[in-house]
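First comes the structure, then the notes that go with it.
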Amino acid sequence: MADLATVAEPAAGTPRRRLVPSVPLLVTVGLVGVAVVVALIRTGSPATVRQAVLTGLLLGGVYGLVALGLTLIFGVLDIVNFAHGALLTVAMYVTYTLSDRFGIDPYVSLLVAVPLLFLLGAALQRGLIDRTLGQPLENQLLLTLGIALLLENALLLSYGGVPKTVNPSYDEPVRVLSAVADLSRILAFLGALAIAGLLYVLLQRTRLGTAIRAVAANPRGAQLVGVDVRFIFMLTFAIGTACAGAAGVLVVPFVTVEPTIGELFNIVAFVVVVLGGLGSVPGAVLGGLVIGLTEQLGGIIFPSQSPLLSVFFVFVLVLFLRPQGIFGRRQ
Amino acid sequence: MTTTAPVTDTVAQVERADRTLQVVLIGGALAALLPLALGPAQESVAIRVLIFALLGTGWNVMSGLGGMFSFGHAAYFGLGAYSAGYLLVEHDVSPWIGMVVGAVLAAAFGVVTGFLALRYKLRGAYFALATLAFAEMLRLFALNLDLTNKAIGLNVPLVRGSSWWKLQFPAGSSNYYWVGLGLTLLALVCVVLFMRSRMGQYALAVRDDEDAAASLGVDVMRVKLTTIALSAAITAVAGTFYLQYYLFVNPDLVFGNSVSIQAILPAVVGGVGTVLGPIVGAMVLGPLADLSAGLLRNPPPGLDFLQGRSGLDIMIYAALLILIILVLPKGLYGSARAWRRNRR
Amino acid sequence: MIRRLVPLTALLALGAAACGGGAPATTPGSETEGAAPSGPIVIGALHPLTGGLAVDGQQMADAAQLAVDEINEAGGIESLDGAKLELASADTTGAAEVAQSEAQRLIQDGAVALVGPYQSAVASQVAAVAERNSIPFVIDVATADSILNQGYTYTFRMQPNASGMGTVGAQYLADLAESSGTPIDKVGYMHEQTEFGTTVMEAFKAEAESLGMVVDPVISYDAFQASDLTTEVTRIKEAGVDALAVTGYYRDGLLIANNVAAVQPGVQAVIGIANGAYDLPQFPTDAGEKAEGYLDANYHPDVTQDGYQELAEKFKAAYGADIRTPAVLSYEAVRLIAAGLEEAGSVDRADLREAISGLTFETIMAGNGPVEFDEKGENTNAVPILMQVQSGTVKQVYPADFAEAEPAFPAAK
């Protein structure tokens with residue numbers, strides 16, 4: 000079950016541990032490099048490619064954050080959570096409402112939205128999803144799909160379909176290495192990295208994290224040693240949902256808020272999770288960056304096609320060539 | 000979501016299939032009389048039910064009977080719609096021929112993508128995601144290619160009066176209903192015959208226990224690909240019918256995610272893996288949209304806040320979906336059938 | 000065998016009942032033949048009253064109702080003995096299939112003409128229905144050329160179509176360049192990728208090139224999924240163009256304005272062609288300082304006409320909001336149909352179609368003259384006009400007949 004469960008053990012007798020980057024990782028970085036070169040040739044303009052790389056990385060960070068929650072849920076509960084995007088949208092609307100009604104700054108809304116989404120995730124898991132434990136995969140997929148449709152359309156019913164914007168006044172463009180980006184995108188990127196880091200520390204350095212990883216590796220075994228597996232399931236789902244919530248809040252300043260916006264992030268998150276390896280936190284972050292770059296560079300290299308096409312192309316390639324992703328283990 | 004008993008008693012299976020066939024034929028005969036009782040507005044709801052039923056039956060073959068969960072059935076639907084549409088608009092080819100071409104094309108696409116997916120051992124969630132990706136890619140291609148007229152979509156050239164060859168009748172003609180009904184009945188008969196056949200039996204065996212079937216000498220790949228081909232063909236036929244009835248398609252209408260969801264819902268609501276399940280599901284879901292639209296247009300007193308808002312119909316679908324999965328995972332028809340069987 | 004039959008029949012009956020229960024009760028078809036109507040004359044309106052486009056859709060339905068009320072107060076249709084009009088408003092929900100069945104329903108209920116629908120894909124559907132049922136359909140808002148390229152005789156459009164807007168937009172740009180002495184040789188184009196953006200761009204490009212301009216690079220984007228267009232705007236900057244043309248909807252138009260402010264491509268002007276953002280009063284509010292100087296060649300009511308001012312006041316009084324362009328077109332479309340009824344002196348749909356096709360209709364929309372339709376159903380006098388954001392307000396600036404203020408050109412970004 001991928002990275003969550005592995006603990007690096009030095010083989011008995013080896014004097015040192017050599018840090019060798021894995022082959023898939025190198026291949027990925029290499030391919031991205033190739034894409035950059037192709038883009039340079041295609042446009043003949045370093046400035047454009049610089050901008051594409053910056054935009055791609057910043058967006059990729061956010062994709063990674065969304066994927067983080069998804070990969071955690073899949074790694075531990077073995078559920079592909081189709082409701083992830085919808086939960087992200089809920090967080091966005093919470094932020095919008097706080098900003099619109101009470102004038103609260105989006106970044107302050109994190110303090111409200113994240114715990115709210117955490118509780119919502121816990122409630123959904125314990126109330127609905129838990130009941131399909133042990134049932135075939137399709138049931139769980141369809142259940143999360145049903146929840147997604149319900150949430151999205153409840154938002155549509157309550158807020159209407161008109162797109163809404165939240166524009167903090169301090170959101171100014173910032174020059175980064177002769178390319179430009181909005182401050183809100185940079186903050187989103189940094190926020191994503193921070194949360195990823197926190198999550199990594201949680202999983203690797205705390206007792207709770209160890210329990211989660213144990214359940215991911217072997218639920219029955221974990222139960223035997225006294226871990227409350229059902230509680231861990233609920234907690235992990237809640238954490239995953241909270242990540243989606245955080246991502247939702249962070250992107251509000253630069254996207255328009257509408258009920259279906261979560262769907263876009265949903266699909267991309269799946270691609271990132273598969274690319275990075277189901278259950279892998281570093282994989283989600285790296286995968287996010289790669290997909291962000293793919294989208295931007297793809298848009299330059301194939302100007303007449305939708306940039307999303309490049310993303311799906313990569314997706315299909317990964318599914319066929321290495322379905323376990325960059326950091327995953329072969330099942 | 001298995002609903003049929005494991006393949007042990009072939010005789011009972013065949014008997015069941017025969018009975019289902021009789022039900023289908025008699026039900027079909029009765030349904031053919033329906034236009035005499037329905038007004039034109041209700042007929043359009045009935046036609047929507049038929050399209051749902053075709054879609055759901057197609058999906059059910061691959062995902063219910065074949066056990067290969069598909070999240071991208073819009074791919075086949077769209078291929079059916081666009082093949083027939085292209086041939087009609089550019090080359091004046093009859094939609095009947097277009098229907099066959101579409102079915103063949105969709106089956107071929109299904110076989111190729113299915114082969115790739117199965118060869119690389121994609122299962123469960125991965126397989127489902129792959130089907131989703133393929134459907135999306137087709138949508139994006141259709142959006143950007145001149146061949147499909149890009150985002151403009153295809154308009155069926157209007158024919159004055161009635162034409163069976165061009166599959167076009169005056170607005171509100173009951174012929175549309177009968178054509179749709181005929182196609183649905185044909186699809187159901189095909190499904191029943193498939194289940195009766197050796198290939199169909201193998202498909203069920205592979206679904207229930209792939210390794211056991213393989214060890215008994217079943218060519219798993221061949222069985223699965225045949226199932227996919229049949230599923231794709233039926234769904235493509237639904238796509239062509241849609242084109243001829245609505246006279247206009249564009250990438251979002253026929254390759255969009257909502258179509259894939261509409262393919263899944265009837266079978267889940269009615270009973271995945273049963274022949275009649277998608278029909279029951281379609282009959283429940285079809286009128287629901289109209290009912291909720293009516294509700295939104297003229298809300299009963301007390302629900303006034305609903306006026307002018309949208310999203311209610313899908314909320315009802317979603318709530319129904321969740322309820323069915325939690326309470327009646329065998330679907331409405333599937334559960335009723337199992338309950339009746341247990342009672343005997 | 001019989002046992003199986005009973006539940007099946009019950010199920011079918013249930014299905015039929017459900018079908019019946021869902022559809023609204025249909026009244027027997029009112030008079031569609033003959034000269035004098037027995038009751039009010041029904042005009043069917045199809046707009047997205049719910050869903051993402053509801054804000055405009057709702058306004059359009061309201062404006063249509065306003066027109067109906069006005070005509071009735073003025074005495075109804077004179078040539079039909081003062082017969083009153085009635086508006087039957089239907090919700091397309093923004094979906095083509097729903098629009099189709101709603102159109103059928105309206106026709107079933109006895110509408111003599113249809114008005115709508117705001118979206119091009121929906122318009123294609125409704126036009127097909129109108130043609131098959133031989134009922135006049137007046138498009139208030141839908142830009143795609145293809146709708147009227149099918150050979151339909153029952154569909155009419157008041158607004159300029161996509162290629163019309165592209166062609167005239169290019170002419171305006173050339174005019175501005177000449178009159179201000181600022182050479183515009185190279186134009187960069189960003190357009191949303193569906194038929195709307197593509198057709199407008201192609202028409203613009205053809206005209207611009209015939210006027211000696213080069214249109215390059217041409218960048219298309221997905222209006223519904225793009226969340227950042229900085230890379231695209233950087234490409235424009237790198238190409239060293241003199242002007243940037245943009246065709247798209249509101250959300251992406253606003254996004255591009257923000258990205259342009261960040262990247263500062265150094266163009267002499269940003270001109271929207273049929274752009275859904277740059278001539279909206281909301282745009283300067285949402286974009287603030289960044290909106291200053293943005294041009295838009297788009298269909299627009301002629302604000303210098305008294306008729307428009309009266310309408311704007313009435314609408315504000317009745318509905319509490321400023322009337323937007325699509326709603327003005329709906330208002331005019333209803334008035335057009337009424338004029339057609341006057342001319343025809345009959346509610347027969349074929350007669351009405353005849354009358355409409357031969358009309359000369361004075362309109363408060365800006366154009367080259369009164370509304371007159373060609374054989375395809377396009378308004379031969381439809382033309383976009385140029386607007387510009389000046390000091391936080393959208394003003395009509397060109398051609399001179401419609402100008403409220405002088406165009407400020409160049410308006411460098």
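Protein chains in written order, with numbering that gives the first Met the number 0: chain D, 0 to 330; chain P, 0 to 343; chain X, 0 to 412.
Glycine is no exception: its CB is placed at the ideal position from the N, C-alpha and C atoms.
Keep in mind that this is a model prediction, so the values were computed, not measured.
Listed along the chain, the chain X residues whose CB falls inside 7 Å of the CB of Ser43(P) are Ser100 and Gln103.
Taking the beta carbon of Gly123(P) as reference, the chain D residues within 7 Å of it are Leu136, listed in sequence order.
Ala45(P) and Pro286(P) have their alpha carbons spaced roughly 8 Å apart. When C-beta distances to chain P are compared with 7 Å, the residues of the segment 120-141 of chain X below that value are Ala120, Ser123, Gln124, Ala127, Val128, Glu130, Arg131 and Asn132, in chain order.
Glu171(D) and Ala260(X) have their C-alpha atoms roughly 10 Å apart. Under a 10 Å Cβ-count criterion, Glu101(X) is classified as buried, with 16 or more other Cβ atoms of the shown protein chains found around its own Cβ.
Here Arg104(X) is near Ala40(P), since their CB atoms are less than 7 Å apart. In this structure, DSSP gives Glu312(X) a helical state, which the three-state scheme calls helix.
Against Gly333(P), chain D offers no close residue; the least beta-carbon distance is about 13 Å (beta-carbon pairs closer than 8 Å).
Sequence-distant Cβ neighbours of Ala66(X) in its own chain, meaning closer than 7 Å and more than five residues away, are Tyr330, Val333 and Arg334. Among the residues facing chain P, Ser356(X) is not included, as its CB has no counterpart in that chain under 7 Å away. In the DSSP assignment, Asp295(X) falls within the unbroken beta strand (DSSP E) covering Leu294 to Asn297. Residues Lys149 of the same chain have their beta carbon placed closer than 7 Å to that of Asn143(P), with the five preceding and five following residues left out of the count.
Nearest CB-CB separation between Tyr119(P) and chain D: below the 7 Å threshold. About 15 Å separates the beta carbon of Ala268(X) from that of Gly239(X), a gap too long to meet the 8 Å contact definition. Taken in chain order, the complete alpha helix (DSSP H) segments of 4 or more residues contained in the segment 113-181 of chain D are 136-158. Between Asn154(P) and Ser119(X), the C-beta spacing is not below 7 Å. Within its own chain, the residues whose Cβ lies closer than 8 Å to the Cβ of Pro325(X), once the five positions on either side in sequence are excluded, are Asp55, Gln58, Met59, Tyr117, Asp139 and Val140, listed in chain order. Interface criterion met: the Cβ of Ala261(X) is under 7 Å from a Cβ in chain D.
As for any alpha helix (DSSP H) of minimum length 4 sitting wholly inside the segment 224-257 of chain X, the runs are 229-238, ordered along the chain. Around the C-beta of Tyr307(X), 16 or more other C-beta atoms lie within 10 Å, and the residue is accordingly described as buried. The C-alpha of His46(X) lies about 13 Å from the C-alpha of Val137(X). Around the beta carbon of Ser162(P), a 10 Å sphere encloses fewer than 16 other beta carbons of the protein chains shown; the residue is thus reported as exposed. Neighbours of Gly152(P) across chain D, judged by C-beta separation under 8 Å, do not exist; the nearest C-beta is about 16 Å away.
The residues Ser219, Tyr220, Asp221 and Ala222, in chain order, have a CB closer than 8 Å to that of Gln192(X) in the same chain once the five nearest residues on each side in sequence are set aside. With respect to the 7 Å criterion, Val41(X) and Gly150(X) are not classified as neighbours on the basis of their beta carbons. Rounded to the nearest angstrom, the Cβ distance from Ala281(P) to Ala102(P) is 20 Å, too far for a contact under 8 Å. Per DSSP, the continuous alpha helix (DSSP H) segment holding Ala207(X) begins and ends at Glu194 to Ser209.
Nearest Cα to Val214(D) within the set Arg229(D), Thr205(D) and Gln203(D): Arg229(D). Identification of chain D residues near Ile218(X) by a Cβ-Cβ cut-off of 7 Å yields Pro302, ordered along the chain.
In the structure shown, Lys394(X) falls within a strand segment according to DSSP collapsed to helix, strand and coil.
Contact check for Thr239(P) and Ala83(P): beta-carbon distance about 4 Å, within the 8 Å limit, so the pair qualifies. Secondary-structure assignment with DSSP links Phe247(P) through a beta bridge to Asn154(P). Put simply, the CB of Gln149(X) is near chain P, with a gap under 7 Å to one of its CB atoms. Three or more pairs of CB atoms, one per stretch, sit closer than 8 Å, so the segment 261-273 of chain D contacts the segment 313-324 of chain D. The beta carbons of Gly145(D) and Leu320(P) sit about 4 Å from each other, so the pair counts as a contact at 8 Å.
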